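Undergrad: Got a structure here, written out as structure tokens. Questions coming.
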Amino acid sequence: MQRILRLSLANIKKHRMQAILLALLILCCIAITGAALSGQQSIRHLFPDVVARCGLFNNCMLVSEKEFNDTVLSILEEDERVLNTDHLEIIWSTTTNYLDDKGDEKALYMGFTTEDMAKRIQKFAMETTLSEAEIRALEHPIYMPFAVKDNLHLKAGDTFDMIHGTRRFSFTVAGFYEAIFLSDTNNGCQMLVSDADYLTLRGVLSRHEMILYNTAEGCDTRDVANRFLQRIDDVTGRDVSTEIIVNSYDALFEYCTTFTSDVTSIMLLVAVVILLTSGVMILFRISGDIQDQIQSIGVLEALGYTSGQITLAYAGEYLLLALAGVLPGTAGAFALLPVLFARGEMIAGHHADLPIIPLPILLTASGILLFVFAISYLRAMAVRNYPPVQAFRKGIAAHHFGKNYFPLRKTGSSVHLRLAMKGFVQNLRQSTGLFVCVTASAAAVVLGLLTADTFRSDMEVAKTVSGAEICDILVFVSPSADAAELAEEISLMPGVRKVNACNNALSTETVYSMNHTARMVPLIYDDFGTTECILTAEGRLPEHDNEVVVSKLFASDNNLKTGGNLTLEKNGVEKNYIITGIASSVTNGGKNLCITTAGIRRLIPVYRHRSIDIFLDGSMDKQTFKTQLLRTYGQTISDLRREEISGETLEERIRSQADSKMAELMNSYGVTHIEYAVQVGDTMISGGSSGFQISSVCDLAEILETQMGAVFSTVCLAAKAGVVVIAAVVLIIIVMMMEQTVRRQRRELGIMLGLGYTTRELMLQLTCRIMPAAAAAVILGTALGTAAVSAVFRTMIGTVLLPLPLILASAVIMTVFCFGCAYIGAGRIRKISVTELMTE
Amino acid sequence: MSTILHTEKLCKTFSNGGMQQHIIKNLDLDIREQDFTIIMGASGSGKSTLLYALSGMDTPTLGSVFFGEQDISKYTNDQLAVFRREHCGFVFQSIYLLKNMTVFDNIMTGALVKRKNSPELVKKAEELLQKAGIGEKLWGKYPNQLSGGECQRVGIVRAIINEPKILFADEPTGSLNSASSRDVLDIFTELNEKGQSIVMVTHDMKTALRGNRVIYLCDGSVMGEHEMPPYGTDDLKTRQEGLQRFLDGMGW
Chain A
48 MQRILRLSLA
58 NIKKHRMQAI
68 LLALLILCCI
78 AITGAALSGQ
88 QSIRHLFPDV
98 VARCGLFNNC
108 MLVSEKEFND
118 TVLSILEEDE
128 RVLNTDHLEI
138 IWSTTTNYLD
148 DKGDEKALYM
158 GFTTEDMAKR
168 IQKFAMETTL
178 SEAEIRALEH
188 PIYMPFAVKD
198 NLHLKAGDTF
208 DMIHGTRRFS
218 FTVAGFYEAI
228 FLSDTNNGCQ
238 MLVSDADYLT
248 LRGVLSRHEM
258 ILYNTAEGCD
268 TRDVANRFLQ
278 RIDDVTGRDV
288 STEIIVNSYD
298 ALFEYCTTFT
308 SDVTSIMLLV
318 AVVILLTSGV
328 MILFRISGDI
338 QDQIQSIGVL
348 EALGYTSGQI
358 TLAYAGEYLL
368 LALAGVLPGT
378 AGAFALLPVL
388 FARGEMIAGH
398 HADLPIIPLP
408 ILLTASGILL
418 FVFAISYLRA
428 MAVRNYPPVQ
438 AFRKGIAAHH
448 FGKNYFPLRK
458 TGSSVHLRLA
468 MKGFVQNLRQ
478 STGLFVCVTA
488 SAAAVVLGLL
498 TADTFRSDME
508 VAKTVSGAEI
518 CDILVFVSPS
528 ADAAELAEEI
538 SLMPGVRKVN
548 ACNNALSTET
558 VYSMNHTARM
568 VPLIYDDFGT
578 TECILTAEGR
588 LPEHDNEVVV
598 SKLFASDNNL
608 KTGGNLTLEK
618 NGVEKNYIIT
628 GIASSVTNGG
638 KNLCITTAGI
648 RRLIPVYRHR
658 SIDIFLDGSM
668 DKQTFKTQLL
678 RTYGQTISDL
688 RREEISGETL
698 EERIRSQADS
708 KMAELMNSYG
718 VTHIEYAVQV
728 GDTMISGGSS
738 GFQISSVCDL
748 AEILETQMGA
758 VFSTVCLAAK
768 AGVVVIAAVV
778 LIIIVMMMEQ
788 TVRRQRRELG
798 IMLGLGYTTR
808 ELMLQLTCRI
818 MPAAAAAVIL
828 GTALGTAAVS
838 AVFRTMIGTV
848 LLPLPLILAS
858 AVIMTVFCFG
868 CAYIGAGRIR
878 KISVTELMTE
Chain B
112 MSTILHTEKL
122 CKTFSNGGMQ
132 QHIIKNLDLD
142 IREQDFTIIM
152 GASGSGKSTL
162 LYALSGMDTP
172 TLGSVFFGEQ
182 DISKYTNDQL
192 AVFRREHCGF
202 VFQSIYLLKN
212 MTVFDNIMTG
222 ALVKRKNSPE
232 LVKKAEELLQ
242 KAGIGEKLWG
252 KYPNQLSGGE
262 CQRVGIVRAI
272 INEPKILFAD
282 EPTGSLNSAS
292 SRDVLDIFTE
302 LNEKGQSIVM
312 VTHDMKTALR
322 GNRVIYLCDG
332 SVMGEHEMPP
342 YGTDDLKTRQ
352 EGLQRFLDGM
362 GW
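As given, the protein sequences belong to chains A and B, one line each in that order. Residue numbers for the first sequence follow this note's numbering, so the first one is 48 and each next one is one higher. Residue numbers for the second sequence follow this note's numbering, so the first one is 112 and each next one is one higher.
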């Protein structure tokens, strides 16, 4: 055994650089795989840990003030799986913004409550760097969930400006806390404010009732919520459930793990590519070493070593290399975990002491050790094919008898290219190994690049797969306003490129389908030809009043196809529609339904558009346009609700008061039309809600960015990191391969140098020799990667939006990169001295 | 005859485990054009080292090697490669044919490094192979399918196809039997008769007889020189005795 170990160590010492590179690959593979597998397990403890530490209830739902009553609560309590309930008032708004560090308005759903009220929701552990005296001295203190700290990069003592309409509310961050519900930038954040501030905000923002409830352990909390929503619609006979936001335990748990799973999936993909390429490299190296050292093998066999011992020596060499990679690789996996946890916690909006689970890391290390030993042993068994005498004679395989490909008498313009092609066909085995490695790497690189592109920070791609029209400004019109008429007026404003009166994806309008089992959100446009972001994966968008388009997700869940029928129902009216296409949709859980205005009026004859999509032409920024819009059409109803009573004369003050009251009624209670008449002495002051045009204004792109920014940046970062790692792997593989080639052919290369070929010419020849395989592999890998992304997009989103220039550019860059790596690797030729060769 | 190569205070030192070995010491030497120069000496006297330094295969530790007016000892590796392809041809004891190439491709590998392919070049390669006694049926064979003598003749054709100004040979008959050696030496003699400058290292007296100038090296320095008329123009016995006397005088 000692002798075998000595042989293995001697081999490693002889090819030190290659050994280091191979150990590095194994290190990366173990670190990435171990961290991904262990991280996946650990992150599953995040939400349960938060609930265990802070939980009083493990589910909650927000019901708008106007819809909450005892019946709602009793319907929930009817379910035997609901153990106990509680409820309290909370302020909640989806039209709130905040000012970022550049002073720009950004959308963020916010809820507000006081510390005392919040103690009924959960247990608290505040985190702050301010002293109690400093906090007491704050005029408008605010405590925020960790998600705000992590995503908005705020710290205690910072100013936080909440914007609602045209009003600004400034707070000072007093600290942060672990929020179980409303704890992330996607679903919104629950802030804790002082009693006085709460009272102020209570008059401005929508009031909701937060229903808290515990469910029996192990029950399907999603099913509890779904059954509740269905029952409440049945009991009230109205479509009430759109006024209810449910945060079930299972949904919150899944939210905490989903995106970490995406990141770890990317890591595992990278690891598989590294493992595959390492395997191919080991196979290639061993066969090269055996041919290289065939005479030494013969000597060893003649000295009495058995072929089994020599095989073990080769396998031992790679086992030692793997062991060298295992220790730092395992350490690397443990080192990567905190990074993974930090991103996972940032996305989930929770902080926890996540357990480090060593078993997946140890299993990964053992598995990779076993893999390396197994493939190296199997390949090294080729030693048995060489008895001593044959080995002494270098093996018949070293002799050439075959067909002479690319004869030099037919050389064209470049002898170097000819010699390279000659080398290529004479080293097909090497080329095959390279082809496999580069194909896998190219596929992974394309996958990574397309993922990074899809999740890039400007969200341009995300907009096109959202399934909704992501306009620059979305205006919700007041119930009494005519959206079409207003849209026409807005289209004449400076800076406007296009407007569409519609029912956008943010609307609360819903219709039922599938025998009342599915609630759809209709996207209603007069002409879908004017939309920009709603795309079909197959078929076409609806044109006539009997046509609809459903999402890919909904179609696959319900086995619907283009050309099929869908029955929609609203308030007891049922109509049949033809499905003309399948659209991409990642918003509204894939329940978006595209239908024309004429189509929806078959179902809802009184339907009127409630929103206007505004697209700007780029000559004006969104904020300036928004200011102009409000200057032209007056403040939004949301703003008017809590507008200070102003005016110099009595009539002005009365009108201001009346406006505020009307806004309150329309906003909070769904009142659609108001007229008033007030008599003061002989003066009659009258008016109505017909002057109110705009209900609220929001920026969909900003909402998308705030909600998905952290997720997108994490996935994008992971994908980019994956691309970099794979590029490094490709570099290592090609450099190793070239070094091996130079080592094996040093005699031939030395002769060529002697004949007058320069090192640069020989480097070029060796580089060109691998290029046919590398280029073909890049093409195949790019095609496979693109096909894989297409398949994922088709399955998950329904639309394939592949940036062809990016794909082509990546293929070209990868080919050039392979060329560069090979040229660098071939630089080892410089170490070949002609005289050394002549005198050896 | 003019000088084609000359050295000035040429030194070559090898370091081995901290020990320095001075193989060539302050050597001043002229190699004349169209001469068939033979370098002889005992083992370790620096014959091959001198040949490699003269041919640009290796760079001297100190001193200079001039090819005409150009000091090639100052050249970079790639400049030396270009110098070799433009002006030199090499024939070695180990032959050094490319084993993965056919006979004809071995010749073309040497030829195409200097000039572009053309029907004339192919024809020239064919003629030279024929002249060297390598028949057409061997052109498509690989080196391992040829005898040692045939391989060496292929090596000579590869060395001369570019019409080098100077042909270097390092014990070209060292691994051949006597019949093959004679054939190979006849080729060298014929080339020299046509004006080819040749520098050959050998320790074989029969081989040395083919030259017209014998330089004897001892411990890295020229110990003595012996001039002879061109081979075939004098009595062989007298030539042999003269060379024997010279070598005896050198302590060979």
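Where a beta carbon is used, it is the ideal one built from N, C-alpha and C, also for glycine. Owing to the predicted nature of the structure, the values given are computational and were not obtained by experimental measurement.
1) Compute the distance between the beta-carbons of A:C745 and A:A154, then report whether it is under 8 Å.
2) So for A:V493, helix, strand or coil by DSSP?
3) Does any residue of chain A have a CB that is nearer than 8 Å to the CB of B:R195?
4) Report the neighbours of B:K123 on chain A: residues whose CB is nearer than 7 Å to its CB, in chain order.
5) In terms of DSSP beta bridges, what is A:W139 paired with?
6) Going by alpha carbons, who is nearest to A:A630 out of A:G646, A:T583 and A:K622?
7) Return helix, strand or coil for A:N273, following the three-state DSSP convention.
8) Which residue comes first and which comes last in the alpha helix (DSSP H) that contains A:V320?
9) By the three-class DSSP mapping on this structure, what secondary structure does A:G372 have?
10) Using the Cα positions of A:V287 and A:M108, report the straight-line distance between them to the nearest angstrom.
11) Less than 8 Å separating the beta-carbons of A:P188 and A:Y224?
12) To which residues of the same chain is A:L323 closer than 8 Å at the C-beta, ignoring the five residues directly before and after it?
13) What does the alpha-carbon distance come out to for the pair A:K878 and A:L796?
14) Taking C-alpha atoms, which residue in A:K113, A:E112, A:S111 and A:T132 lies nearest to A:S121?
15) Would you mind reading off the limits of the alpha helix (DSSP H) that contains A:R794?
16) Within a Cβ cutoff of 6 Å, which residues of the same chain sit near B:P341, ignoring the five residues on either side of it in sequence?
17) Looking only at C-alpha atoms, which of A:F420, A:Q704 and A:S743 sits nearest to A:V524?
18) Kindly confirm or deny that the stretch 134-152 of chain A and the stretch 160-180 of chain A touch, where touching means at least three C-beta pairs closer than 8 Å.
19) Is DSSP giving B:E338 helix, strand or coil here?
20) For B:F364, list the residues DSSP reports as bridge partners.
21) Start and end of the beta strand (DSSP E) containing A:S217?
22) By DSSP, does B:M212 sit in helix, in strand, or in coil?
23) Quick check on A:M238: does DSSP put it in helix, strand or coil?
24) Quick one: is A:L588 buried, meaning 16 or more other Cβ sit within 10 Å of its Cβ, or exposed?
25) Could you tell me which chain B residues have their CB closer than 7 Å to the CB of A:T882, listed as they occur along the chain?
26) So what's A:N639 in DSSP terms, helix, strand or just coil?
27) Is there at least one Cβ from chain A nearer than 8 Å to B:S192's Cβ?
28) Between which two residues does the beta strand (DSSP E) containing A:P188 stretch?
29) Over what stretch of residues does the beta strand (DSSP E) that includes A:M209 continue unbroken?
30) Note down, in chain order, each residue of its chain lying with its Cβ closer than 6 Å to the Cβ of B:P254, except the 5 sequence neighbours on either side.
31) Would you say A:G442 reaches chain B, if we count a Cβ-Cβ gap shorter than 8 Å as a contact?
32) Using a 10 Å radius around the Cβ and a threshold of 16 neighbouring Cβ atoms, would you call A:Q65 buried or exposed?
33) How would you write the range of the beta strand (DSSP E) that B:E247 sits in, first residue to last?
34) What number of angstroms, rounded off, separates the C-alpha of A:K599 from the C-alpha of A:D148?
35) When you check each C-beta in the stretch 196-222 of chain B against every C-beta of chain A, which residues fall closer than 7 Å?
36) Which residues does DSSP pair with B:D141 in a beta bridge?
TA: According to the structure shown:
1) On the first sequence, residue 745 of chain A is found 698 positions in, with the first residue counted as 1. On the first sequence, residue 154 of chain A is found 107 positions in, with the first residue counted as 1. It is a contact, given that the beta carbons lie within the stated cut-off.
2) Here residue 493 of chain A corresponds to residue number 446 of the first sequence, with the count starting at 1. Reduced to three states, the DSSP call for A:V493 is helix.
3) Taking the second sequence and counting its residues from 1, one reaches residue 195 of chain B at position 84. Yes, contact with chain A.
4) Here residue 123 of chain B corresponds to residue number 12 of the second sequence, with the count starting at 1. Near B:K123 there are no residues of chain A at all, since even the closest Cβ is about 10 Å away, more than 7 Å.
5) For the purposes of this step, residue 139 of chain A is taken as residue 92 along the first sequence, with counting starting at 1. A:G158.
6) As a position in the first sequence, residue 630 of chain A is number 583, starting the count at 1. Checked all of A:G646, A:T583 and A:K622; the closest Cα to A:A630 is A:T583.
7) As a first step, residue 273 of chain A is located in the first sequence; it is residue number 226 there, counting from the start. Helix.
8) Start at 1 with the first residue of the first sequence, and residue 320 of chain A comes out as number 273. Residues Y296 to D339.
9) Taking the first residue of the first sequence as position 1, residue 372 of chain A is located at position 325. Looking at A:G372 - three-state DSSP - the assignment turns out to be helix.
10) Against the first sequence, residue 287 of chain A aligns to sequence position 240. Against the first sequence, residue 108 of chain A aligns to sequence position 61. Taking the straight line joining both Cα atoms gives about 13 Å.
11) Locating residue 188 of chain A in the first sequence gives position 141, counting from the first residue. Locating residue 224 of chain A in the first sequence gives position 177, counting from the first residue. Cβ distance not < 8 Å, so A:P188 and A:Y224 don't count as in contact.
12) Position 276 of the first sequence, counting from 1, holds the residue named residue 323 of chain A. Counting only Cβ-Cβ distances below 8 Å, and skipping sequence neighbours, we find V483, C484 and A487.
13) Counting from 1 along the first sequence, the entry for residue 878 of chain A is found at position 831. Counting from 1 along the first sequence, the entry for residue 796 of chain A is found at position 749. Their Cα atoms are separated by approximately 11 Å.
14) The sequence position of residue 121 of chain A within the first sequence is 74, counting from 1. Ranking the options by Cα distance to A:S121, first place goes to A:T132.
15) The residue labelled residue 794 of chain A in the question sits at position 747 within the first sequence. R793 to L802 is the span of the alpha helix (DSSP H), which, as asked, contains A:R794.
16) The residue labelled residue 341 of chain B in the question sits at position 230 within the second sequence. These residues qualify, in order along the chain: N323.
17) On the first sequence, position 477 is the one that residue 524 of chain A refers to. Ranking A:F420, A:Q704 and A:S743 by Cα distance to A:V524 puts A:S743 first.
18) yes
19) Your numbering for residue 338 of chain B matches position 227 in the second sequence. Note: B:E338 maps to strand in three-state DSSP.
20) Residue 364 of chain B lies beyond the range of chain B shown here (112 to 363); nothing can be said about it.
21) Here residue 217 of chain A corresponds to residue number 170 of the first sequence, with the count starting at 1. Its beta strand (DSSP E) spans residues R214 to Y224.
22) As a first step, residue 212 of chain B is located in the second sequence; it is residue number 101 there, counting from the start. Three-state result, B:M212: coil.
23) As a position in the first sequence, residue 238 of chain A is number 191, starting the count at 1. The answer is strand: DSSP assigns A:M238 an E or B state.
24) Indexing the first sequence from 1 puts residue 588 of chain A at position 541. That one is buried.
25) For the purposes of this step, residue 882 of chain A is taken as residue 835 along the first sequence, with counting starting at 1. In chain order: Y163, M168 and D169.
26) Counting from one through the first sequence, the residue named residue 639 of chain A turns up at place 592. A:N639 falls in the strand class under three-state DSSP.
27) As a first step, residue 192 of chain B must be located in the second sequence, where it is residue number 81. Rather than Ser, the amino acid found at residue 192 of chain B in this sequence is Ala. Closer than 8 Å: yes.
28) Here residue 188 of chain A corresponds to residue number 141 of the first sequence, with the count starting at 1. Start and end: P188 to P192.
29) Within the first sequence, numbered from 1, the residue matching residue 209 of chain A stands at position 162. Where A:M209 is concerned, the enclosing beta strand (DSSP E) stretches over T206 to H211.
30) If you number the second sequence from 1, residue 254 of chain B lands on position 143. The answer, listed in chain order, is L208, K210 and C262.
31) In the first sequence, residue 442 of chain A corresponds to position 395, counting from 1. Unreliable positioning characterises A:G442 in this predicted model, as indicated by a pLDDT of 49, which lies under 50. The coordinate reading is nonetheless provided below. Cβ-Cβ to chain B under 8 Å: no for A:G442.
32) Taking the first residue of the first sequence as position 1, residue 65 of chain A is located at position 18. It counts as buried.
33) Within the second sequence, the letter at position 136 stands for residue 247 of chain B. Unbroken run through B:E247: none, as it is neither H nor E.
34) Numbered from its first residue, the first sequence carries residue 599 of chain A at position 552. Numbered from its first residue, the first sequence carries residue 148 of chain A at position 101. One C-alpha to the other measures close to 39 Å.
35) R196, F201, F203, Y207, L209, K210, N211, T213, F215, D216, M219, T220 and G221
36) As a position in the second sequence, residue 141 of chain B is number 30, starting the count at 1. Beta-bridge pairing links B:D141 to B:H117.
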